[in-house]
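Enquirer: For the first sequence, our numbering gives the first residue as 530, with consecutive numbering after it. Where is the CB? At the ideal position from N, CA and C, for every residue including glycine.
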Amino acid sequence: MSPEQFIASKAAQAIKAVYDADVDASTLQVSVTRKEFEGDFTLVVFPLLRMSHSTPENTGKAIGEWLKANVPEISEYNCVKGFLNLLLSNFYWNSLFKEITSSEDFGQLPSTGRNIMVEFSSPNTNKPLHLGHIRNNLLGDSVSKLLKAAGNNVIKTTLVNDRGIHICKSMLAWQKVGDGQTPETSGKKGDHLVGDMYVAFNDIYKKEVEDLMAGGMSEDEAKKEAPCLKEAHLMLQKWEAGDKEVRDLWSMMNGWVFEGFDETYAALGIGFDKVYYEHDTYLLGKELVQKGLQKGVFVTDPDGSVWCDLTQDGLDRKIVQRSDGTSVYITQDLGTAEKRFSENSLDSHIYVVGNEQDYHFQVLKLILGKLGFEWADDIFHLSYGMVELPEGKMKSREGTVVDADDLIQKMYEEAKATSEESGKLADMSEEEKEKLYHMIGLGALKYFIIKVDPKKTMLFNPKESIDFNGNTGPFIQYTHARIRSILRKAAEKNIAYRDASEGEVVLSPKEIRLIKILNAFPAKISEAADALSPALVANYAYDLAKEFNQYYHDTPVLKEEDQAVLSMRLLLIDSISAVLRKAMGVLGIELPERM
RNA sequence: GGUCCCAUAGUUCAACGGAUAGAACGGAGGUUUCCUAAACCUUAAAUAUAGGUUCGAUUCCUAUUGGGACUACCA
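1. First and last residue of the beta strand (DSSP E) that includes K646?
2. Which residue wins for smallest C-alpha separation from S912, given the options D932, Y888 and L897?
3. Could you check which residue in N884, L839, Q823 and Y811 has the C-alpha nearest to that of I859?
4. Can you give me the C-alpha to C-alpha distance between N783 and M700, rounded to a whole angstrom?
5. Leaving out five residues before and five after C837 in sequence, what residues of the same chain have Cβ atoms less than 6 Å from its Cβ?
6. Mind checking D732: buried by the 16 CB within 10 Å criterion, or exposed?
7. Unbroken alpha helix (DSSP H) runs of length 4 or more, entirely within the segment 559-625: which are they?
8. If I'm right that G972 touches E1119 with Cβ under 8 Å, what's the distance once you round it to whole angstroms?
9. Which residues in the same chain have their Cβ closer than 6 Å to the Cβ of V804, if we skip the five residues on either side of it in sequence?
10. What are the boundary residues of the alpha helix (DSSP H) that L1109 is part of?
11. Quick one: complete alpha helix (DSSP H) runs, 4+ long, within the segment 894-965?
12. Run through the segment 790-868 for me and flag every whole alpha helix (DSSP H) of 4 or more residues, listed as ranges in chain order.
13. Have a look at S618 and F635 and give me their C-alpha separation to the nearest angstrom.
14. DSSP state of T556, grouped into three classes?
15. Out of P657, V1066 and F870, point me to the one whose CA is closest to K674's CA.
16. Tell me whether L1036 sits in a helix, a strand or coil according to DSSP, three-state version.
17. Could you say which of A1060, E565 and C757 lies nearest to V706 if we only look at CA atoms?
18. Can you look up I879 in the DSSP assignment and give me helix, strand or coil?
19. Who are N653's beta bridge partners in DSSP?
20. With G661 as the anchor, note down where its alpha helix (DSSP H) starts and where it stops.
21. How about T1008 and F1077: do their beta carbons lie closer than 9 Å?
22. What's the call for S560, buried or exposed, on a 16-neighbour Cβ count within 10 Å?
23. Using the beta-carbon count (16 or more within 10 Å), is I694 buried or exposed?
24. Do the segment 644-653 and the segment 878-887 make contact, defined as three or more Cβ pairs closer than 8 Å?
25. Straight-line CA distance for A1112 to A1070?
26. If I'm right that A554 touches I592 with Cβ under 8 Å, what's the distance once you round it to whole angstroms?
27. Alpha carbon to alpha carbon, how far is K590 from K992? Give it in angstroms, no decimals.
28. Give me, in chain order, the residues of the same chain whose beta-carbon lies closer than 6 Å to that of T865; leave out the 5 immediate sequence neighbours on both sides.
29. Between the Cα of L954 and those of Y1081, R776, R1123 and V683, spot the shortest distance and give me the residue it belongs to.
30. Which residue wins for smallest C-alpha separation from K698, given the options H659, L778, R664 and E927?
31. So, is S671 buried or exposed, given that buried needs 16 or more other C-beta atoms within 10 angstroms?
32. Looking at C-alpha atoms only, which residue of T1001, I1015, K735 and L1099 is the closest neighbour of Y1026?
33. For G669, count neighbouring Cβ atoms within 10 angstroms of its own Cβ and tell me buried if that reaches 16, exposed if not.
34. The alpha helix (DSSP H) with K736 in it runs from where to where?
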């Protein structure tokens, strides 16, 4: 039982004894006492006034008095306005601390038995990954880890957008101006090479449109009539017909892209349990159109196209099948969702997709509900905001897109430069140093992005992200390294502390504070998992690291002579480093032993 | 027109409806005989506006202002 629950249950008893009123302990508000007041935990008494028919002060006093008299763990109380501050005994903190240190996988919550699928990343194969994808990938990966820590079975998945007109454009450009280049001959990463081809197509297209307009055609018409676009459509038809030549080219170029993506994923340290390819799934959902028509959920227009009328729900009409009988994006998504729920017996499905698709998911859930799938409500769109740069939004046309590979490389270089400048790593092997630079560079990037509430548009300032001070990944990494360093020092001095935690030690207020923070970790995991917000865990880790620094600054741990106290302190900081590792592990950030 | 999201120090971010709205960066000043000063301490500085609900509102509701996204027989 957490201290909060413990106090709430005792307070419920107190209310029963003093006012003869029954209250559910879980409805009582107990929180950690704010720093500036004396006490460990605080009970908010305002909601109890209707039972006590008295002033907040008197009510608090009466409950506090009863608790002090009847609960041995509660040693003191004071009441400020409507806030009853309770002090717990030293003995209580000692036993709580022992509980934390003796629990094997502290922070791993018991299994819920729930199966949750998390879809994220879902790249297009005609563009290399950029900063926006990084936010998506980091969110998806850390949310998955978070849900796992909260006791769920998690299936990480991605849907690769590997077919369609846009792919044909890249293929066509490669045939026209690609000069037979391959990643090997060009020295380019596969995804970048194909991305360049996509850009090349657009250049050709633009020129053709201009030429047609110069010949007297209107802009709208020219955009439709450009020869290269027609060729691309022809290619798509061939692809759909299974034309061998087109399919071979498609396989080859996609292969390049996947190799490139794998490299980027590896650099980010993320992966998937299951990969779906759109060429396997794009026909899904067609039978749902029939089902919807039978149920009267969909209607057919005179031209043969099929629609879902959502005007009753305050939205517009949504097309689900074109007049030529082919399906659209949302149709696939309907089918894919059905397939996934039934094949994996999912309890929940989370889609990590940018907020530009809020409307899409609103429609998706609505239609699934109308089709009679009760799991429509178990779909969550983890919507995140755009990443902007100090200069403004990223625009591919203006060449301001921050490429993922470039950024990762830049972070590494910055970590290297700063580390070398500090001169603390002189005795490390080159191999260790390389590893460390990657750890720091990536930690900085990941933390900077994850610490922000997902739904907010965030500003990414490359210069600030690599800051080693303040609320940053490297600060936490550094704090961890210092703790490990202290523990190494203790080992050198042959100070054993793990088995020496018998008996009661007098704990300082700062030590109690640290124990409180450590104790809050499982609840924080649970809260963050419910809110699908890794940012909560990030900010928790920062608080813990900061608190350690403040504690260590004025508590001479290694100089302590009393063996029992020394052991307790070493055990305490050891626990801090363990919890830091677990919290940062949820964010996919490694912590070094030295830096 | 419709749907949705956002608005907090100079800047970037916090705050289950709870006490005097927290941090960090930047600014000003200070601290090194426990590990590693990439640290710590002190200091100035903010809830867009107007109503409402409540014992209590940054948080919930309504309106206004400002910013963003979507609203394709694209994906």
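Expert: Short version:
1. Reading the first sequence from its first residue, position 117 is the one you call residue 646. Looking at the sequence itself, residue 646 is Met, so the reference to Lys does not match. That run of the beta strand (DSSP E) goes N644 to E648.
2. Within the first sequence, the letter at position 383 stands for residue 912. Among D932, Y888 and L897, the Cα nearest to that of S912 belongs to Y888.
3. If you number the first sequence from 1, residue 859 lands on position 330. Minimum Cα distance to I859 is reached at Y811.
4. On the first sequence, position 254 is the one that residue 783 refers to. On the first sequence, position 171 is the one that residue 700 refers to. Computed Cα separation, rounded: 10 Å.
5. Locating residue 837 in the first sequence gives position 308, counting from the first residue. Answer for C837: F827, K847, V849 and I896, listed in chain order.
6. On the first sequence, residue 732 is found 203 positions in, with the first residue counted as 1. The residue in question, D732, is exposed, as its Cβ has fewer than 16 Cβ neighbours within 10 Å.
7. 578-581 and 585-599
8. On the first sequence, residue 972 is found 443 positions in, with the first residue counted as 1. On the first sequence, residue 1119 is found 590 positions in, with the first residue counted as 1. 7 Å between Cβ atoms; contact.
9. Walking along the first sequence from the start, residue 804 turns up at place 275. Here the set comprises T687.
10. If you number the first sequence from 1, residue 1109 lands on position 580. Element bounds for L1109: Q1092 to V1115.
11. 933-951
12. 807-810 and 815-824
13. As a first step, residue 618 is located in the first sequence; it is residue number 89 there, counting from the start. As a first step, residue 635 is located in the first sequence; it is residue number 106 there, counting from the start. Approximately 23 Å between the Cα atoms of the pair.
14. Counting from 1 along the first sequence, the entry for residue 556 is found at position 27. Annotated three-state conformation of T556 is helix, per DSSP.
15. On the first sequence, position 145 is the one that residue 674 refers to. K674 has its Cα closest to that of V1066, out of P657, V1066 and F870.
16. By one-based count along the first sequence, residue 1036 stands at place 507. Note: L1036 maps to coil in three-state DSSP.
17. What you label residue 706 is simply residue 177 of the first sequence in a count that begins at 1. That would be C757, whose Cα lies nearest to the Cα of V706.
18. As a working note, residue 879 is residue 350 in the first sequence. Strand.
19. Position 124 of the first sequence, counted from the first residue, corresponds to residue 653. Partner(s): N690.
20. As a first step, residue 661 is located in the first sequence; it is residue number 132 there, counting from the start. L660 to A678 is the extent of the alpha helix (DSSP H) around G661.
21. As a working mapping, residue 1008 is identified with position 479 in the first sequence. As a working mapping, residue 1077 is identified with position 548 in the first sequence. Yes; because the gap between Cβ atoms is below 9 Å, this pair is in contact.
22. Translated into the one-based positions of the first sequence, residue 560 becomes position 31. Answer is exposed; the Cβ neighbour count stays below 16.
23. Taking the first sequence and counting its residues from 1, one reaches residue 694 at position 165. So I694 ends up on the exposed side.
24. yes
25. Taking the first sequence and counting its residues from 1, one reaches residue 1112 at position 583. Taking the first sequence and counting its residues from 1, one reaches residue 1070 at position 541. The alpha-carbon atoms of A1112 and A1070 are separated by roughly 6 Å.
26. As a working mapping, residue 554 is identified with position 25 in the first sequence. As a working mapping, residue 592 is identified with position 63 in the first sequence. Under the criterion of beta carbons closer than 8 Å, A554 and I592 do not qualify as touching, at roughly 13 Å.
27. Reading the first sequence from its first residue, position 463 is the one you call residue 992. Reading the first sequence from its first residue, position 61 is the one you call residue 590. Computed Cα separation, rounded: 53 Å.
28. Looking up residue 865 in the first sequence gives position 336. Cβ within range, chain order: T810 and L813.
29. Here residue 954 is taken as the residue at index 425 of the first sequence, counted from 1. The residue with the shortest Cα to Cα distance from L954 is R1123.
30. Residue mapping note: residue 698 aligns to position 169 of the first sequence, counting from 1. Measuring from the Cα of K698, the nearest candidate turns out to be L778.
31. For the purposes of this step, residue 671 is identified with residue 142 of the first sequence, where counting begins at 1. Burial call: buried.
32. Along the first sequence, read from residue 1 onward, the residue named residue 1026 stands at position 497. Closest by alpha carbon: L1099.
33. For the purposes of this step, residue 669 is taken as residue 140 along the first sequence, with counting starting at 1. Per the 10 Å Cβ criterion, buried.
34. For the purposes of this step, residue 736 is identified with residue 207 of the first sequence, where counting begins at 1. Counting along the chain, the alpha helix (DSSP H) containing K736 begins and ends at G719 to A743.
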